[in-house]
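Asks: Chains as they are written, first to last, in numbering that gives the first Met the number 0: chain A, 0 to 290; chain B, 0 to 269; chain C, 0 to 367.
Note that beta-carbon positions come from the ideal geometry of N, C-alpha and C, so glycine has one too.
These numbers come from a predicted model, not from an experiment.
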Amino acid sequence: MDAIQLIVSGLANGCVYGLIALGFVLIYKATEAVNFAQGDFMMLGAFLCVGFTNEAYLGLPFWAAVPLAIMAMAVFGYLFDMTILRRMFGESQVAIVILTIAFGFVLRFIAGEVWTHEPVSLETPFAGEFINLGGVVLDVSEILIVIVTLLLTGVLYLFFSRTKLGVAMQAASQNQLAAYYMGIPVKRIQSLVWGLSGAVAAIAGILFASKGAIDPSAGLLGIKAFAAAAIGGFGSLPGALVGGLIVGLVEPIAARYGPVGVSQIAPYAILILVLIFRPGGIFSQTQRKKV
Amino acid sequence: MTLLKIENATMRFGGVVAVDNVSLHVDQGEVFALVGPNGAGKSTVFNLISRFYTPTEGAITLEGEDLLAHPAHDIAKLGIARTFQNIELFENATVLQNLLVGRHRHKRTNLLSEMTFLGNARSEEKRHRQAVEEVIDFLDLQAYRDKLIAGLPYGVRKVVELGRALATEPRLLLLDEPASGLSVEETQDMAFWIEDIQKQMGITVLMVEHDMGLVSAVSDRVMALSDGKELATGTSREVQSHPAVIEAYLGTSGIQKGGDTGKKKKGKAA
Amino acid sequence: MRFVFKTDYDADIRWFKHGPQFFWYMLALGLLLVLPLYFVWIGNAYLLGEITAVIIFTIVGMGLMLLTGQTGLASLGHAAFMAIGCYANILLLNAGVPWLIAFPLSGLIAGIAGTIIALPVLRLHGVYLALATLAMSILTGDFIVLFDDYTGGVAGIAVPDISIFGYTINKYANPYAFFYVVVAVMLIVLAAYRNILRAPSGRAFAAIRDSEISAKAMGVNLTKTKATSFFLSCVAAGWAGALFGHSATYVTHETFDVIMSITLLLMIVIGGLGFIHGAFFGAVVVGILPVAIANMRSWASAAFDVNLTIPGLESLIFALIVMGFILLEPMGLYGRWLKIRTYFELFPFYRKDMFRRQKSYQKTERVQ
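Written as structure tokens, this is what we have:
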């Protein structure tokens, strides 16, 4: 009984990690940029939703606040690429890594100023509700997290395989120059990918905040999401989710059954093991440059 | 005497057969050209020799030495240098520094002597610089010696890349489309240089080129490829008049395909 | 503009390209060496301690610059390698090893440990190295706690004094001697860095940064060369860590945290990626910034009667400076200095686009 609760809770955590990792892989695949502020995007999305719906702030109905927060983060991601990253066109990856790290600091500061550094919870209609499945008591929020993640994965899959925009995004990620010659507006596509990734981050943030408290330093969770993305294989969307689930499951299990201090180390230990034995990640793609 | 020998090389990428059972041998001191329409597998042959790819089947040897037993970074040490179709220079370094990287295969210093600049570091460095200055003189690059690559025009970059390959003092030089994107005058310079490289320096050249003017001017033997298969091998004249080659370029119906034939005429005029 | 007429190959090899350049650098070195006299004169060595700390940061800054600026690999975990150097130094000293042996060894241990950790990821894309080192840096504190029998863990551990042939150097007892020890290490690292740049290995690093594929075609063994760069970088970090320990006199599991790692990377970006000078400019900014902000804060609260004790203000300002540099001056402070100098040298012929580089569509490193 206990074990099932542990696994469901781990799965829910893993879904959040997976979604952050997903946003990160989306950007990496499309632009080869690495967004080290993805965790902070998640944090900001959560706080926007808190700001829209919590009684202490705007107090809007929950079902209105969620799409608002997601849209706001989508616009935010789009604008971040359009106004800041587009100037970096052709710069090295290291520069972009550093820029996004610094941007994460800025976001953390802004969130601290607007929403203070005290942890807050998102006020959801289903907060604190439990269901009893044959003796197993499960948190509704956790079940919802798993369901929403599954739905989102399906939607994204359909988006990339069926819609014109999704296919264009894939094309632009494989060869920018060729995509540009084919009439795909590569720069705008990149901004749209950042917007999409912002929306995914907002969803991850809302799910995270509905389950527990959030504070401005929650963005550091992004680091675990990086580990998840690398475990899954950097360029792979399903890999990001699977990596997230692995990290999410390993943590509580190691905390319960392992010696003290192992649960913090466990995700990174897995990361290092994966990098040694299957360097490209579980869902690795062979990487080779054409000359 | 045979320098490079490729026997029954096949390269498959998934379902695509980029090189299909190709055999060729390049003799010591000759200029050998690979021609063919885009996507014929010419660059793949180069990448096989450079060991960027490992052939699905077949053998590649340099004077009997099995190249497939070596990793890619050993190829330069064995005396094979190459240039790239889309220029791969070190953008944030000067022309001089780029050429000096070409000397890497002659590196005899160890880390400790490099850090202290004691022992052979200084004398080695002078030796490298002397070799590089000779290449600069040969290719007339003096004016660009200390310029960053990032600011150089395309034609000069092409020459710098040739220079970097020459700085390795190779036995076999692989030139991937040396004249693509060059003006008529620059192409002529390139032809003279290739001749000098062959005649004066005694370096064997294997090149991929679309400009048939350049190919017939400098090459001793030509091989035509299409869809990864060998069509014909022989002198430039023989290959150009070979029915299979004409068919591959012009199609059976005689309709011109792509820009290759256009280049061919322009090359002849030049 | 100065034109140097070169008559032999040494002219291209030597450290200083012409007489005046030699003069200015020697003047700077001379000023640095007589600096303690000023503090002896005013009788207060507090500021000298701050300057010593800045020089310690230039040591690790140079190490990271070699890796990130020269080889193009980002490490987000250099504080971890500082920690390895620091604790190795302490343990060796406590075991009775003389400082003159323990200190060099501490750098080597950091270098070897770092290389062993990085080796599996060096074959992969640069992002993986950034991630693996970031993970390293996060775990440093956990590992120090895990091995608290040796490291002191949460309680911390005292750093023994430096002892050279019976002469004991403590940061508080004789700050001047400590200053010269740090300067000596800095000069050794600087000389090695400068030498390696004019040798084949240094050029191989730059080749990897600019084009892995053609570096490989020129005979550069990518994994080995990256590992060499990483090793050297970690040795410098280890030495800086050992000196940092002597400077702090007491270290705990929180001394070398991930924020320090990130600060180190941001530091060299502000200074100017790819230039040795950048390590120095960056360290000065990191050293001055907290002091400047504190002064501004007290000045503002005195002048306008406002309370400026906002949490996280320092990291915000730091982050904004970094973003400003990356967007507006990617060559960092040193690049700005180069432009100003060129402007005056060429006056009135300086053109705005002289340092501009062409931007191109990304050449992907992935399979197409």
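Where are the alpha helix (DSSP H) runs, 4 residues long or more, that stay fully inside the segment 119 to 149 of chain C, in chain order?
Replies: With a minimum length of 4 residues, the continuous alpha helix (DSSP H) runs that stay inside the segment 119 to 149 of chain C are 125 to 145.
Asks: Which residues in the same chain as Ala268/B place their Cβ atom closer than 8 Å to its Cβ, once the five residues preceding and following it in sequence are excluded?
Replies: Caution is warranted here: a pLDDT of 38 is assigned to Ala268/B, below 50, making its placement in the model unreliable, and the coordinate value is therefore given only provisionally. Taken in chain order, the residues that qualify are Gly212.
Asks: Pull up the distance between the alpha-carbon of Ile281/A and that of Gly9/A, whole angstroms please.
Replies: Near 20 Å, if we compare the C-alpha coordinates of Gly9/A and Ile281/A.
Asks: How big is the Cα-Cα spacing for Val33/A and Thr114/C?
Replies: Answer to the nearest angstrom: the Cα atoms are 24 Å apart.
Asks: Whole angstroms is fine: what's the gap from Tyr143/B's alpha carbon to Tyr149/C's?
Replies: So the two alpha carbons sit approximately 58 Å from each other.
Asks: Buried or exposed, going by whether 16 or more other CB atoms sit within 10 Å of the CB of Leu117/B?
Replies: It counts as exposed.
Asks: Does the distance from the CB of Ala216/B to the CB of Leu230/B come in under 9 Å?
Replies: No, the Cβ-Cβ distance between Ala216/B and Leu230/B is not below 9 Å.
Asks: Mapping the DSSP letters down to three states, classify Ala231/B as helix, strand or coil.
Replies: In the structure shown, Ala231/B sits in a strand (DSSP, three-state: E or B).
Asks: Check distances from the C-beta atoms of the segment 303 to 329 of chain C to those of chain A and list, in chain order, the residues that come in under 8 Å.
Replies: Flagged, chain order: Ile309, Pro310, Gly311, Leu312, Ser314, Leu315, Phe317, Ala318, Leu319, Val321, Met322, Ile325, Leu326, Pro329.
Asks: Is the distance from the Cβ of Ala203/C to the Cβ of Thr222/C below 9 Å?
Replies: No, they are not a contact pair.
Asks: Return helix, strand or coil for Arg50/B, following the three-state DSSP convention.
Replies: Three-state result, Arg50/B: coil.
Asks: My output table needs one value for Leu206/A: the three-state DSSP class, helix, strand or coil.
Replies: Residue state, collapsed to three classes: helix.
Asks: Should Thr1/B be labelled buried (16 or more other beta-carbon atoms within 10 Å of its own) or exposed?
Replies: It is exposed - the Cβ of Thr1/B has fewer than 16 other Cβ atoms within 10 Å.
Asks: Consider the Cβ of Lys351/C: report whether some Cβ of chain A lies at a distance smaller than 9 Å.
Replies: It does not: the Cβ of Lys351/C has no partner Cβ on chain A nearer than 9 Å.
Asks: Which residues of chain C have a Cβ atom closer than 8 Å to the Cβ of Leu98/A, listed in chain order?
Replies: Simply Val321, Met322, Ile325, Leu326.
Asks: Would you tell me roughly how many angstroms separate the C-alpha atoms of Phe177/C and Leu189/C, rounded to the nearest one?
Replies: Computed Cα separation, rounded: 18 Å.
Asks: Let me check one thing: in DSSP terms, what residues is Val30/B bridge-paired to?
Replies: Val204/B, per the DSSP bridge assignment.
Asks: Taking only beta-carbon atoms, is Val241/A less than 9 Å away from chain C?
Replies: For Val241/A, the answer is no, since every Cβ of chain C falls outside 9 Å of its Cβ.
Asks: Using the C-alpha atoms, what's the distance from Leu272/C back to Leu77/B?
Replies: Rounded to the nearest angstrom, the two C-alpha atoms are 35 Å apart.
Asks: So, is His72/B buried or exposed, given that buried needs 16 or more other C-beta atoms within 10 angstroms?
Replies: Buried: at least 16 other Cβ atoms inside 10 Å.
Asks: Give the DSSP-derived three-state secondary structure of Tyr37/C in the structure shown.
Replies: DSSP places Tyr37/C in helix when its eight states are reduced to three.
Asks: What residues match up with Phe129/A in a beta bridge as DSSP calls it?
Replies: The partner list for Phe129/A (beta bridge, DSSP) reads Asp138/A.
Asks: At a CB-CB cut-off below 9 Å, which residues of chain B make contact with Leu118/C?
Replies: Near Leu118/C there are no residues of chain B at all, since even the closest Cβ is about 16 Å away, more than 9 Å.
Asks: Which residues, in chain order, does the segment 267 to 284 of chain A contribute to contact with chain C at a C-beta distance below 8 Å?
Replies: Taking 8 Å as the Cβ-Cβ cut-off against chain C, the residues of the segment 267 to 284 of chain A that qualify are Tyr267, Leu270, Ile271, Leu274, Ile275, Pro278, Gly279, Gln284.
Asks: Is there a Cβ from chain B that is less than 9 Å from the Cβ of Val144/C?
Replies: It does not: the Cβ of Val144/C has no partner Cβ on chain B nearer than 9 Å.
Asks: Less than 8 Å between C-beta atoms, sequence neighbours within five positions excluded: which residues of the same chain meet that for Val74/A?
Replies: Correct list, in chain order: Gly194, Gly197.
Asks: Please name the residue or residues paired with Phe46/A in a DSSP beta bridge.
Replies: Looking at the DSSP assignment, Phe46/A forms no beta bridge with any residue, so it has no partner.
Asks: Taking Ala36/A as the reference, which of Ala229/A, Ala254/A, Val105/A, Ala203/A has the closest Cα?
Replies: Among Ala229/A, Ala254/A, Val105/A, Ala203/A, the Cα nearest to that of Ala36/A belongs to Val105/A.
Asks: Would you call the CB atoms of His103/B and Val33/C closer than 9 Å?
Replies: For His103/B and Val33/C, no; Cβs fall outside 9 Å.
Asks: According to DSSP, which residues form a beta bridge with Met222/B?
Replies: Met222/B pairs with Leu33/B, Thr232/B.
Asks: Using a C-beta to C-beta distance shorter than 8 Å, which residues of chain A count as neighbours of Gly155/C?
Replies: The premise fails here: Gly155/C is roughly 18 Å from chain A at the closest Cβ pair, so nothing lies under 8 Å.
Asks: Quick one: what's got a C-beta closer than 7 Å to Asp160/C's C-beta in the same chain, skipping five residues either side?
Replies: Cβ neighbours of Asp160/C beyond the five flanking positions: Thr167, Ile168, Asn169.
Asks: If I measure Cβ to Cβ from Phe38/C and keep anything under 6 Å in the same chain, skipping five residues before and after, which residues do I get?
Replies: These residues qualify, in order along the chain: Ala44, Leu47.
Asks: Can you tell me the Cβ-Cβ gap for Gly244/C and Ile83/C, rounded? I've got them flagged as a contact below 8 Å.
Replies: Not a contact, Cβ separation roughly 11 Å.
Asks: Please determine, among Val96/A, Leu67/A, Ala63/A, Ile19/A, the residue with the shortest C-alpha to C-alpha distance to Pro124/A.
Replies: Here the closest residue by C-alpha is Ala63/A.
Asks: Please state the DSSP three-state secondary structure of Leu147/B.
Replies: Leu147/B: strand per DSSP, three-state reduction.
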